Every structure is written in structure tokens, then in C-alpha cells.
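Inspection log for the structure reproduced underneath, given as C-alpha cells.
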Amino acid sequence: MSAGYVLGALLPALTGILGWGRVKSPGALDGLVKNLGFTIALASSLAGCVLSLSILLSGDPLHVEIQQSLPFGTMALHADRLSAFFLGVISLIAAAVSVYSLGYAKEFLGRRNMALLVFLYNLFLLSMAGVVLSGHAFLFLFFWEGMSLTTYFLINYEHEDPAARRAAYLYVVMTHLGTALLVVMFVILFSHTGSFSFGAFRDPGSRLPTAVQSIVFLCATIGFGVKAGIIPFHIWLPEAHPAAPSNISALMSGVMIKMGIYGMVRVYFDFLGPDIPEWWGILILIVAVTSSVLGVLYALMEHDLKRLLAFHSIENIGIILMGVGGALLFASLGNRPLASLALLAGLYHVLNHATFKGLLFLGAGSVLHATHTRNIEELGGLVKRLPWTAFFFLVGAVAISALPPLNGFVSEWLTFQALLLGFHLSDLSVKIAVPLTVALLALTGALAAACFVKAFGITFLGLPRSDRAASAQESSFSMIAAMGSLALLCVVFGIAPGLVVSVLDPLVGSLPATSASGQVVLKGGMMLIPQSNSSSVSPLVLCGLIIAVTLVPIAAGYLLGGRMRRRAVMTWACGLQKIEPRMQYTATGFSKPIRMIFSNIFRATHEIEISDETSPYFRPDITYELKTESLFLKYLYEPAYRIIIGSARIFRRIQTGHIQTYLAYIFLTLVLLLLFAR
Amino acid sequence: MSDVPAIVLLSLLQLLLVLASAPLISGIIGKTKARFQNRQGAGILQPYFDLAKLLRKEVVVSPVASWVFRSTPYLVFASTLVIALLVPTVVVPVPLDWVGDIITVIYLFALGRFFVALVGLDTGSAFGGLGASREMSIASIIEPAMMLAIFTAAVTAGSTNLSVIVATLSSTPASMLNPAHLLAFSGLFIVTMAETGRIPVDNPDTHLELTMIHEAMILEYSGRYLAFIEWSSQMKLAIFLALLSNMFFPVGMATTLAPWALFVGCAAFFAKVIVLAAIVAVVESTNAKLRLFRVPELLMVAFILSLLALILYFIVGA
Amino acid sequence: MDPTHLQTVGLLIDIFAAAILVTAFLVVSSRSLVFYIRLFALQSFFLGVVALLVVLGYGETHILIAAVLTIAIKAIAIPVVLSRVIERIHVRKEVDFSINIPASLLLCGGMVILADSVAHSILDAQRADAPAVSRVLSVSIAMMLIGLFIMMTRKKAITQIVGLLTMENGVFLSGLSITYGMPLIVEVGIFFDILVAVLILGVFIFRINKTFESISIDSLRSLRE
């Protein structure tokens, strides 16, 4: 079956190559390429879903050996429960995005190379699947690099835009920084176990000394963290995700950054151990908390819809890492059951975030498709022009704000429970870390809700702020269907958490570091945590209650007030004749109180320019520009950049240009080698 | 209490109790504030008459508004009622405690707030945006303080299940005077004042642009929509007072279904809530509303109070 | 002294010690000089009550005099003197902070953690009623640190005095908790010292304000030149 999936992903790649030549000639063939390519991607994704479910439910790992003659040992594809879970996430989102692309890619027909898009798209999906299915370091790195390269080209798809080119360049540099560290990590593992195969890394006989384990840990954290977008390695994310076409952004934000999480979980809980030092968990928690708070704060300042969503991805990666970090911390203190609960919460959030972030990006793509602008300050009133997009975007917004009864609430609830239970451990650093993490998790949840009130409210509600918004048309059926299916998943994963928990429980039980399961007991629609004296929540009943109880106000209204009489009167415009769209709140104004409260983090500067060249009879032109300082660019990357360039300049002096000097270097090296390598 | 009819009956009792008593609590607070200001003030039953009047009135809806505007009053009312079903009022264990714990309660309030803030932006008026922006900003700094106060209460019981928290406290009455609890109680009290929009954070009686937060978001509502929103705010205050009194001083709660026990439970509930309501009114009357950017300082005091409780009593000490 | 009686007294001491710490935090969180003085009066009153409770619980009668003196001097006399000073110089608010209020509250929280660990390491495995005593000791060390912090981060001279007096309250409380009070003559001496110091400082502040039109210690630096 896996062979079939792999082939299925390759076939459209071949189709793409065949159709490559057809760059400038529109026509039926382009449309055919599009439909064929995305439908095959859809079919392959569905096959991937089936494959992952079968592994998750049965527990038998998939093992396919690949015979080849490269000297790295037998390469194998090995899919255990962890791989299958991530494969499921990839496939689910890819299926929805493929359906979406059928409609979305129409706007590229005739303008750009459709075949290239289809080719790269399928190759991207193939490489992501390959990353989670690999059981061998070399294969892993091959697919990892494939993932990075295909996304580089995809970000550059609209290459006339200099912002896109810059974003792609930044992305490729950062991702190779991460990949370099991954190579180092795998080489260290190889030198201690004698093999590149993941099975050897997992072998208990080859336990590494603690210092080496810490180096591997750090390499994995930074290497995978760059891909996941943790602070301070996040600078490529807000540039790259908006620049790519929206269906690709959905995949990148929803799925690709989870590959970083996959790598981290694989290394931390599968390869390393059994004695985990405490500072690992504390470090990950610090990274998690910083990423989530700073991510959402920066998101609040954005008024480019896709950049806003990209920063939110950073925030949610932080929330996922709170679960992972908590798991590491509890495992280091020997409490396996608690560690498995924390990891379960983190992995649940992986699925949830993929679902609602995918949905939100698809919605943003819909908006972009309809209005040709990402700037929410120019939008408004879209709830009437794009009713379906608005509704599904709202579902995504409610889900990401962790409001019951949708899926975001469930994973945050689980994270809270894991952290609360952790407080009872008798270690001082845990006792200080846990309340702070809980408080900051609450803070990010509330700030995320604020940000999405802004995003949804300014984009969809109120009056249109420009002609583009006033003349927007609803998206095509395939786009709506894709968004609807992801919205449905948000609801399903929210009110039936049992589906996901019953899959995740054996998963965390199977990892060596957290080998306990049964931390979450399911009874009907209810989740119960026995360890915590029966804290429980039943989202299904909750949802049902809310729906049932709505009868009360309706009944009260009829009984006490009779039939509702409604009259339409324009909004009060403070005494002026007509309400203008410009009287509404702007996105910048909406987030001003938060900007002032957290002014030390933002250090915003604003510039007001009043041009008085116009006639004295008319109002002058006033421009207001607000800039928030990017702390990490200024204080981390620019000094690092200056140091590197500076030292490179110093080293450049050994390249004098004289050929005699170079010959002298060769001679010197030869002499030294002869002296010391006898 | 695992038999279904008892659960249904008790839940209905709780629902009706909160539904019916919420306007009364508002009335008491209003009357107390009026007496402080040396005037007669409206009667304590006035909110009932106001709600009845609003329910009969015609609803005026702006053509700019969308289905979000029209459905939010029902959603907020329903979610607040569901919260009323989850909190301990008269009986412990709460019949529906397995449906949601204290974290669920906090996030259900957040759900209502999310939609009311959206309504502020829905009608295209500047006041709505103003209210929504201020409300969401203040809400985001209330949440950490609230979560930490709840955390302190949950840590003693070892669970976030509301019945367990109440039961653990009522089994050792002396621990109600535990300084950690008193500190967490004061923290949660400040959070209550902030969350329900009372002075010194927000003025529930004003409609001046400079000072309104919650009122600004619902400015465009009229008729029965406004009735539902007002009623929900009143219920929110009642629920918070119930949480404050029963999470920290759960005296007199019924543990059986005996009619006498239920009567005592109701009486205890009313007594505690009325005392707290009077305290709220006194605090409102003796303080001035804070400037918007001073509110984070107040909430930081609430945060610190809960943090102190944790530090002194759980982290390093016994 | 029967155990339940001791337990109630212990619980009450616990509550009042926590209340004293809360008043110190409220001083950090506020801007109004009048409020500082009222908080200090309340703090000293609670301190007197704790001293009385120690007398009741442990029967050390010489502390009775110290308790009465605390209430008379620190809760009544000194606040009266300071309020008079404030009335005459017409300064009511602290406006300039080197560290803003939320950050200083968080720092004080951190100091409480520090004080708690110090108290624990001092009192390791000594007493039968260890938890309550160690808590009172940590509150007193925290008060000393917070008093010093107030002096460091605030500019008005009145606030400096309040900070100094908070430190002194902390010292008294630590004396109560560990050794059940210091010898009476030491206590009486300290009290009169404080009273005279505050009187003199009050006169000074009034004079300084009259000459320089300000009691901000920033402008006092100009005396150097």
C-alpha cells in the first residue's frame, strides 16, 4: 500500500515533467494538468489517511527495506505509530488542500506555469510523507532537503514580487542552518552506534553518554526548531508563509512546521534517554513560553492577514512545545504517566493546529482570491459577500482561540491538566515553572482570542473599507467544500475527543521515554483524568446543553414579549447624516491598547507626516506610519551577521591573489602533514 | 447522585435559581450604591421590570449588521446558563460536574466575550470597535490572574473538578481560614470586579465614550436582544459571586436531596451572595474608575496575591 | 498551653503575617503618598496584633510592652506626624518610577521566593511548629527586602521614610518569630530612636521643600554641585 502511495505521488510529478514545456500557452491542456495533478494528490492523500489509520489502529509498524548499493547500510522505510500519526495529519490536510487547489489554482491558469505548480506540489507532499516514513538517517535527510527545496521554489512561484524572492532566500538560508545541525546530529549518532538506521539509534544497548546526549538534544532542538519556527529562529516564517500561494501556505503552516515537531519528538522520546537531565525540559518550556507569548503579541500588530496567521503558527508551536517540554520535565523526574499525559496534550494540539490553521489559511486564500489584497485595513463587510468563507473562517477563529466546544479547547484543556498535575512533584524548579507556564498559557489564549476578534471583525464585519471589498465574489465550490471539510473536522475533534485520544494513548505508550498510557479515560463523550481526582470535561454534552438551553431565551422571548418585531435603522453615526466606512475602527486602532500595555516589548515608533502643499482651502494630507521593532532581527541576527561578515573579511586577507602565496600554502600544509601524520 | 431524574431536577433547580436571582442581585447592588450616594435609588426589583419592558419592545437592527449580531444574544445567554449549571450553588456534588470543570467555565465565559466583541465590530460604528478593543485587551490581562487564582484553589484539592474543590474544603473547615486561601480569594475578588465590568475597571452605568467598555460593545442592541445580553451580564455576576463564595467558603451547602437540606442550601447561597454583593457595591462606591492603562497594575496586584499564596504555602513551605 | 489554643493562635499569627506582607505589596503597587501612610499604619497595627498573639500564645510578657509601644508609636504617632508633613508640603503623588509598577510587583514576588528559601535554610529541622514560624520569618525577610526596594526605586522623600520604616517592621517581626522578642531595653531604645528620627526627618522634609520647591531626591543631587 505504501508503494502505491509513493507511486501515486510520483505519477503527477511525471505528469508535471511531461507538461513542463507548456508555459505560455493556456488552454485545455493546462486545465487538464491542474485537474489531473490535484486529483491524483487528493487520491494519494486519502490513501495516506487509510494507511496511517491502519497502522495506528493495529499497532504493527510498516517496514519496507530498500536495496541499493550506497555505502550507508540498508535503508528502510519504517512507520511506527508516531510516524503514522504525523502521516495522518499530513494526509488529512493535504486532502483538503488538494480539493481547495482545484478551485484556487484557476487564477494561475494562463498566467503562470501550472505544470510547475502541480509538479512541485506533489513533490512537496511526497517529501513530507517521506520524512515521516523514513527509518534511516540518510533517507530522512534526503526527504528533508527535498521538502526544503520544493518549498523554496513554491515560495518563489510568484517570483516577480521582490518580497517573495527575499522571503524565499531568507527561508532557504535559515532552513539550511537547521539542516546543517541535523547532519551534525546524525553524524554524532552514527559515530556512537555504528549505523545510520533509526532502529540502531533506538537500541537500548547503544545508550550514549550524557554529555553526548545533551549535544544531540541541542542540535535537534535548534535544527528542528528552525523548521518549526521557534523563537529566536522564526524570522523566516512571517516572510515565507505569506509569499507562497495560499494553498501552499496552508500546507506549510499547517503541516510542514509540524515536521519539526515530529523530529523533536522522535529524537527526544525515541532516541534519547532513559536518564533525561532536568534542564532539557526547562529549556523547552522557556522556548515554548517565549514563542507563544511573543508570537501572539507580534500577530496582534499585523494587518496583513497571512502574516498574522503566520505569527499565530509560531504561537501554537509554542503551545505544542509546552506539552513536549512538560513531558520532558516530568520524564526527567521519573514520572512517566504525567509525561505521557503532557505529550498526549502536545500531540493533540499538533492535529488541532494543523486542522484549524489549514482552514484559516484556506479562508485567507479565499479572501485574497476574491479581493486581491491581504491588507485587512482595506476589507470589511465580507460576511455578506463571502458568506461561506466567513462562516468557515469564524469556525477556525473560534477553534484557534481555544473556545469550547471546538478542538482548540480540548488540547489546551489537556495541557492545563498536565501542568496542574505537575505542580505536585516536589522539585523546586518545577514548582516555579508550572504556575508561570499556566499563567502564560492563559495569557496567550486570551491574546489569541483578541487577535482573532480583530482579524475576523475587521475583515468580515462592518462596512467595506474599499471598492475591492465591496465587489468581492464568493469562491468556487471546491474551495468552499475544502474549507467546510476542515471546519467539520474542527467540530468533530472538539466534540468527540475520544476519537483522537484513543489513537494517541497507545502512541505515547509505545515511546520508550513516556511508556505509560491510560492517563485519559474515555466514557462516552467524556474525558476523565483519574490522576487528578476526576477532573473531567464532556464536550459533547456541553455542546448539546448549549444547543438545548438556547430554547430558554427563545421561549422567554415569545412568552414575555410576543412575536419579535424588527425594524431596520442605519447605525448611529453620531449625528452625522450617513455612516462612512472610515468611521469604523481600524485594525491598528483595535490593537493599540495591547500595544501600549506591552510597549516595552514592541518599542513602537510612529511617524506622522502632514503635507501642506495642498491648497489652504482643503484638508491637508496626513500620513501615519507605525513601526514595531523586530527585537530578534536587531539584537540577535544583525550583530551575528556583522560578526560573521567581519571575521570573514579578516580571513579574506589570506587570499592575496598572488599565485605564489597559494603555492606557499599548499607547501606549508604538505610539510605539516608529513611532520604530524607519520 | 448518579440517578438521572435527580440530576435533571437539581440542574433545573440550579438553572432557575441563577436565572431568577441574577436581576435581584443587580438590584441590591444598585440600591446599595444609591444609598451611598445619598439618594433613594430604584427599588431592588427594578431590574425585573426593566427586563420585562425590554422583552416587549421592538428590536432595531442596522442593515450593516450580519447574522452574528442576531445570534449572539442567544449564544451568550445559552452559554451563561450552561455555566450556571456547572458551578456549585446549592448542592454539592454539583449534578453536572462531570460535564465541565473550572477551566471549562473560564473558557465558556471567553466564548461569550468573543462573540460580544465581534458584535461590537459588526455594526460598523466606532463605539463598538472601541468597546471591543478595550474589552479584549483587558480580558487578556485578566486571564493570567484568574487562572493563577483558580490554580491555587485547585492545587489544594488536587483537581479542577468543582465538586471536588468544594468537598475538599468543606471536609476541613479550618482550612477555609488558611491564609493561602484568603490571598487567593482576594485575588479572585479583584478579578471578579474586572471580569464583570465593575468600578474600578469599567463603569456599568455609563455611556460616555471616554469611560465605557462593555456598554460600548452592546450599544447597538435594543429590545429583547438587549434584554438577553443584560440578563446574561447579571447572571455572570451572580455566577462569579457563587464561585467566590463556594470555592472558598462552602458553608451550608446541601449534600443530600432532603428538602430541609435543600432549603438550608438555598438560604446559605442567598446569604453568601448578598453579602458579597454588598461588598461589591461598597468597593464600587468608594473607588474611582481607573484610567484604562492603570488597569494592568490592578490586575498585576491580583496576580501577585495568588502568586504569594502559591509561594508561601505551596512552593517552598509546607 | 493546650494544643488547640496554640493552633488557633498559630493560625491567627499566620493570617496576620500574610496581611502584613500584603500591605507591603500594596505600598509597592500604589502611587498615593496618603495611601502609603495609611498602609504603614495598618501594617504596624497588624504587627502589634501579632506581638499580642505571641504574648497570648507563648506567654512572654515583656513583649506586651513592645506590642503596646508598636501600636502607639508606629500605628498612631508616626502616621500622624507624616500626615502633617504631607499636608504642609502639598505633595500627594509619586509620579516618577525607575521601574514601573507591574515589573516592581513581579520583582517583589521574586524576593519573597528568595526570602522563603533563606528562611528555610536558617530554620532547618529545628522547631516543632516550624511551618508557621518559618513563614513569619520569610515574611520578615521579605519585608526587609521590599522596604529596601521601595527606597531604591522611589523618588519622593516621604516614600523613602516609609521604606525605611517597613524595613524596621521587618526586623521587629523577625525578632518576634525567632527569639520571641529582644530584650526590652533594646526594644524601647529602638522605638524612641525611630520616633525621634521621623520627627527630625519630617522637619527636614518641610524645610527642604520650602527651600527647593520639591522633595524629589533627584533634585537633591544638585546639592553636590
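Residue numbers (numbering that gives the first Met the number 0), protein chains in the order written: chain A, 0 to 677; chain B, 0 to 317; chain C, 0 to 224.
We treat Cβ as the ideally placed atom computed from N, Cα and C, and that holds for glycine.
Being a predicted model, the structure only gives us computed values, none of them experimental.
- Contact between A78/A and I39/A does not hold, since their C-beta atoms are separated by about 22 Å, which reaches or exceeds 8 Å.
- If you draw a straight line from the Cα of A449/A to the Cα of P295/B, it comes to about 16 Å.
- CA-to-CA, the gap between A330/A and L510/A works out to about 12 Å.
- Within the same chain, and ignoring the five residues on either side of D202/A in sequence, the residues whose Cβ sits closer than 8 Å to its Cβ are T192.
- For L163/C, the closest of V67/C, F39/C, F96/C by C-alpha to C-alpha distance is F39/C.
- Cβ atoms of L378/A and T370/A come within 8 Å of each other, at about 6 Å.
- Contacts between L346/A and chain B, judged by CB atoms closer than 9 Å, are missing: the closest CB pair is about 20 Å apart.
- Within the stretch 169 to 207 of chain B, the complete alpha helix (DSSP H) segments of 4 residues or longer fall at 178 to 194, listed in chain order.
- Along the stretch 560 to 572 of chain A, going in chain order, the ones with a CB nearer than 9 Å to a CB of chain B are G560, G561, M563, R564, R565, R566, A567, V568, M569, T570, W571, A572.
- Cβ proximity to chain C below 9 Å picks out P295, E296, L297, L298, M299, V300, F302, I303, L304, L306, L307 from the stretch 295 to 307 of chain B.
- Within a 10 Å sphere around the beta-carbon of H605/A sit fewer than 16 other beta-carbons, which makes this residue exposed.
- DSSP places R566/A inside the beta strand (DSSP E), whose first and last residues are 565 to 567.
- Under the DSSP assignment, E606/A falls in the beta strand (DSSP E) whose first and last residues are 604 to 610.
- By the neighbour-count definition (other C-beta atoms within 10 Å, threshold 16), F191/C is an exposed residue.
- The secondary-structure analysis by DSSP pairs T622/A across a beta bridge with E608/A.
- Residues of the stretch 67 to 101 of chain C with a C-beta atom less than 7 Å from some C-beta of chain B are I100, P101, listed in chain order.
- Nearest Cα to L176/B within the set T3/C, L11/C, L5/C: L11/C.
- Taking L200/C as the centre and dropping the five residues before and after it, the same chain places the C-beta of A156, I160 closer than 8 Å to its C-beta, in chain order.
- Distance from the Cα of L558/A is smallest, within the candidate group K52/B, E134/B, T71/B, S25/B, for K52/B.
- Sequence-distant Cβ neighbours of I102/B in its own chain, meaning closer than 6 Å and more than five residues away, are T159.
- Under a criterion of Cβ atoms nearer than 8 Å, the residues of chain C adjacent to L181/B are, in order, I14, A17.
- For the stretch 172 to 204 of chain B, residues whose beta-carbon sits nearer than 9 Å to a beta-carbon of chain C comprise A173, L176, N177, P178, A179, L181, L182, S185.
- The count of Cβ pairs closer than 8 Å, one atom from the stretch 172 to 192 of chain B and one from the stretch 145 to 163 of chain B, reaches three, so the stretches are in contact.
- Taking L424/A as reference, the option from P336/A, T178/A, L346/A with the minimal CA-CA separation is P336/A.
- The beta carbon of V183/A sits closer than 7 Å to those of C218, all from its chain and outside the five residues before and after it, given in chain order.
- The beta carbon of G556/A falls within 9 Å of a beta carbon belonging to chain B, placing the residue at that interface.
- Between A280/B and I28/B the beta-carbon gap is near 5 Å, inside 8 Å, which marks them as a contact.
- When C-beta atoms of the stretch 259 to 275 of chain B are compared with those of the stretch 84 to 102 of chain B, three or more pairs fall below 8 Å, so the two segments count as touching.
- Note that the C-beta distance between S124/B and E229/B is not below 9 Å.
- Bounds of any beta strand (DSSP E) do not take in M252/B, whose DSSP letter is neither H nor E.
- One finds T549, P552, I553 in chain A with Cβ atoms closer than 8 Å to the Cβ of Y73/B, taken in chain order.
- Of the residues T585/A, V349/A, W412/A, L485/A, the one whose Cα lies closest to the Cα of R464/A is T585/A.
- With a contact defined as Cβ atoms closer than 8 Å, T69/C and L46/C qualify at about 6 Å.
- Listed in chain order, the positions of the stretch 594 to 615 of chain A with a beta carbon within less than 8 Å of a beta carbon of chain B are M595, I596.
- Here Y99/A has N246, L361, M478, A481 as same chain residues with Cβ atoms under 6 Å from its own Cβ, once five neighbours each way along the sequence are excluded.
- Excluding its 5 nearest sequence neighbours in each direction, Y623/A has C-beta neighbours in its own chain below 7 Å: H605, I607, listed in chain order.
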